[in-house]
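Heads up: take any position in the sequence shown, counting from 1, add 56, and you land on the UniProt record's numbering.
One structure below.
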Amino acid sequence: GAPQTRTPTGATTGAPATANGQQGAFLTTSQGARLRDTDHSLKAGRRGPVLLQDHHLREKITHFDHERIPERVVHARGAGAHGVFTAYGTAEAVTRAGFLAKGRSTEVFVRFSTVLGSRGSADTVRDTRGFATKFYTDEGTFDLVGNNMPVFFIQDAIKFPDIIHAGKPHPDREIPQAQSAHDTFWDFVSLHTEAQHHTMWNMSDRGIPRSYRTMEGFGVHTFRLINAAGETVLAKFHWKPKLGVHSLVWEEAQMLSGMDPDFHRRDLYDAIEAGAFPEWELGIQVFPDTPEETFAGIDLLDPTKMVPEELAEVQPVGTLTLNRTPTNFFAETEQVAFHLGHLPPGIDVTNDPLLQGRLFSYVDTQLTRLGGPNFSQIPINRPHAPVNDMLRDGFHQQAVHAGVAPYRPNSLDGGNPFPAGDDENAFVDVPVQVAEAPKVRANPASFDDHFSQARLFWLSMSPVEQEHIIRSYTFELGKCYHQAIKERQLQCLANIDPVLCAQVATGLGLPAPEPTVPLADVTPSPALSQVGRQWPAD
Ligand code: HEM
Numbered sequence: 057g058a059p060q061t062r063t064p065t066g067a068t069t070g071a072p073a074t075a076n077g078q079q080g081a082f083l084t085t086s087q088g089a090r091l092r093d094t095d096h097s098l099k100a101g102r103r104g105p106v107l108l109q110d111h112h113l114r115e116k117i118t119h120f121d122h123e124r125i126p127e128r129v130v131h132a133r134g135a136g137a138h139g140v141f142t143a144y145g146t147a148e149a150v151t152r153a154g155f156l157a158k159g160r161s162t163e164v165f166v167r168f169s170t171v172l173g174s175r176g177s178a179d180t181v182r183d184t185r186g187f188a189t190k191f192y193t194d195e196g197t198f199d200l201v202g203n204n205m206p207v208f209f210i211q212d213a214i215k216f217p218d219i220i221h222a223g224k225p226h227p228d229r230e231i232p233q234a235q236s237a238h239d240t241f242w243d244f245v246s247l248h249t250e251a252q253h254h255t256m257w258n259m260s261d262r263g264i265p266r267s268y269r270t271m272e273g274f275g276v277h278t279f280r281l282i283n284a285a286g287e288t289v290l291a292k293f294h295w296k297p298k299l300g301v302h303s304l305v306w307e308e309a310q311m312l313s314g315m316d317p318d319f320h321r322r323d324l325y326d327a328i329e330a331g332a333f334p335e336w337e338l339g340i341q342v343f344p345d346t347p348e349e350t351f352a353g354i355d356l357l358d359p360t361k362m363v364p365e366e367l368a369e370v371q372p373v374g375t376l377t378l379n380r381t382p383t384n385f386f387a388e389t390e391q392v393a394f395h396l397g398h399l400p401p402g403i404d405v406t407n408d409p410l411l412q413g414r415l416f417s418y419v420d421t422q423l424t425r426l427g428g429p430n431f432s433q434i435p436i437n438r439p440h441a442p443v444n445d446m447l448r449d450g451f452h453q454q455a456v457h458a459g460v461a462p463y464r465p466n467s468l469d470g471g472n473p474f475p476a477g478d479d480e481n482a483f484v485d486v487p488v489q490v491a492e493a494p495k496v497r498a499n500p501a502s503f504d505d506h507f508s509q510a511r512l513f514w515l516s517m518s519p520v521e522q523e524h525i526i527r528s529y530t531f532e533l534g535k536c537y538h539q540a541i542k543e544r545q546l547q548c549l550a551n552i553d554p555v556l557c558a559q560v561a562t563g564l565g566l567p568a569p570e571p572t573v574p575l576a577d578v579t580p581s582p583a584l585s586q587v588g589r590q591w592p593a594d
């Protein structure tokens, strides 16, 4: 028999094409029985008790009682939109990914988010923003799960529960809701000094974007690209907003948190509905795939480091246009499930230890958040490529799989899905050399440099941006109750830049410590400054 396929629109043989609960002119139960009344429960007489036998009452209330699902453990607050990605073909030399071929258009769904706040928190708080894109390519879904900052707090995923525990509200009082103005956050980042670079981005104007439409996006990690000839390069992904990069000032952000906590999602949806479709260019920085996996002395496997654009140009490879708002927030924005392992042929992962842990974490959390192993069948998560898998049964199974032999190859049905010589479009893991090395719980030595790129970022800022950074460190640290934590963070600032440290220390009314490490000798990167930032540069 023919292989079983699940189409994007319907899972199955025999099931109705839609199950959206909105068919026909009359109100019905979930079983399709037409109702006469949905406002009165069935009672033993007009003044009597309600009867247990009232199926409609119980179905209506029971379903309501179970409407909520757990919010995401991080990035709970978000807003999504549909769009299209059109490729220029400029990436064809480095990757065989079909969706990057010249002129190819691919449907996408993007979800923007804050990291730390709960689902009902305000949009304009100081935080990193998520920028997650699902490309429904015809070679399988590609998820680019990035942020609006090019670096991350930690170098190893094993610390992710720790940094999030430190950043989420204190366990005793559950405050503050969604700011970095508290003791545990500063305790963590001053003890785990690899976090200092990302923290500086948070304290800069990048932590309070004007709009999702004016944010850059970054894949953060280094990926490995493979072209049709099997040649590989290392690469970093960038999103560049056509409107340029713009931020709020802190006073605006604070006022908006009270006056319009939905400011960013309103801005996104108003723009799309007015036809002012937000646009980004996707770009890649490309590096030779050398055994050291470094570029210009920067370790490409260290997610706390970025590569200045002056050293490796961001090459445009296509345009993303968001042109449609969700029909239903829950069905689309809440139920969408991103995962770094969703890769098309031509894009592969590297050994970045943060990336490696993420490959495990997302699907693991989604098993709980979306109630079992079949969430790839939820409409927003369905691939737009034919699916022919051997995954069977489980909670919320929508498919009615035919056939008797859910294993391959078999001799009973399904034939041979691996015909010899016809695997051109299949995903192939790049056979990179895995080091002959002892098992060890340790990082490469280059990961010990925690301050040089924070200094690079600081020295690349314009005077007004530096002033904002000083003020935000002062404001946020000023909210800490523990002086020892403020002092430890000042020590980190001293190791980044004595001027920055002195200014923040003055604001806090504390002495400025001397550096404990030599100040890094770095060349500023003008491209890091937001001021006058337009891309491509005119
Ligand atoms: C969610 C980005 C690191 C675990 C997200 C989302 C984004 C994101 C954008 C929201 C996805 C959505 O809109 O549904 C990043 C970036 C990282 C990073 C750019 C570093 C470069 C990590 C690490 C872990 C992790 C190291 C765990 C070890 C999670 C989890 C979720 C999440 C569990 C919730 C997913 C869900 O419930 O569907 N991340 N993250 N992230 N991230 Fe990360």
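Glycine included, every Cβ here is placed at the ideal spot set by N, Cα and C.
Quick test of your reading: residue i and residue j, contact by CB under 8 Å. State the CB separation rounded to the nearest angstrom.
i    : j    : result
R269 : L299 : 5 Å
T151 : L357 : With a Cβ gap of about 20 Å, T151 and L357 do not count as contacting.
V508 : L584 : The identity of residue 508 in the sequence shown is Ser, whereas the question assumes Val. Actually they are not in contact, since the Cβ atoms of S508 and L584 sit about 14 Å apart, beyond 8 Å.
V207 : T360 : 5 Å
H506 : T180 : That pair is no contact at about 29 Å.
E337 : P364 : Rounded, the Cβ-Cβ distance is 19 Å, inconsistent with contact.
Sorted by chain position, which residues of the same chain lie with C-beta nearer than 8 Å to residue i's C-beta, five sequence neighbours on each side aside?
i    : result
G193 : At residue 193 the sequence reads Thr, which differs from the Gly that was named. Excluding positions up to five away in sequence, the list reads A153, G154, F155, T162, P400, H440, A441.
R464 : M446, G470, N472, P473, F474
I need the DSSP call for residue i, collapsed to helix, strand or coil.
i    : result
F216 : helix
N437 : helix
P347 : coil
I117 : helix
I552 : helix
L546 : helix
E337 : strand
P300 : Position check: residue 300 holds Gly in this sequence, whereas Pro was assumed. Reduced to three states, the DSSP call for G300 is coil.
G353 : coil
D505 : coil
G470 : coil
T84  : strand
E163 : strand
V171 : coil
L512 : helix
T65  : Low confidence applies here, because T65 scores a pLDDT of 37, under 50, leaving its location unreliable; read the following figure in that light. Residue state, collapsed to three classes: coil.
G263 : helix
I'd like the list of long-range same chain contacts for residue i, defined as Cβ closer than 7 Å, with 5 residues on each side in sequence excluded.
i    : result
D261 : S303, E521, H524, Q586
G136 : F165, V166, R167, P382, E388, T389, V392
P105 : K99
A576 : F507, S508, R511
D318 : D179
Any heavy atom of ligand 2 closer than 7 Å to the CB of residue i?
i    : result
N384 : The model on display carries ligand 1 but not ligand 2.
Counting only the same chain and skipping the five closest in sequence on each side, list residues whose C-beta sits under 6 Å from that of residue i.
i    : result
T255 : V245
E127 : R175
G428 : G450, F451, H452
I436 : E388, Q391, V392
T579 : none
A368 : Q341
Let's see if you can read the secondary structure: which residues bound the beta strand (DSSP E) around residue i?
i    : result
L200 : 196-203
L415 : Careful: L415 lies outside any beta strand (DSSP E), inside the alpha helix (DSSP H) at 409-425.
N430 : That residue, N430, is in no beta strand (DSSP E); it is neither H nor E in DSSP.
V245 : Unbroken run through V245 is the alpha helix (DSSP H), 239-247; no beta strand (DSSP E).
G374 : 371-380
T193 : 185-193
H253 : Not the beta strand (DSSP E): H253 falls in the alpha helix (DSSP H), residues 252-259.
H138 : 134-143
R280 : 279-282
Does residue i have its Cβ less than 8 Å from a Cβ in chain D?
i    : result
E148 : Of the protein chains in the structure, only one exists, and it is not chain D.
Looking at the secondary structure, which residues open and close the alpha helix (DSSP H) in which residue i lies?
i    : result
V520 : 519-534
R322 : 319-329
A309 : 306-315
Any 3 or more C-beta pairs closer than 8 Å across the region 317-332 and the region 348-357: no
Whether or not the region 178-188 and the region 212-222 are in contact is what I'm after, with contact meaning three or more pairs of Cβ atoms, one per stretch, closer than 8 Å; do they touch? no
Counting beta carbon pairs with one atom in the region 139-147 and one in the region 415-427, are three or more of them shorter than 8 Å? Below 8 Å, too few C-beta pairs join the region 415-427 and the region 139-147 to call them touching: fewer than three.
Taking three-plus beta-carbon pairs below 8 Å as touching, is the region 483-490 in contact with the region 278-293? Yes, they touch.
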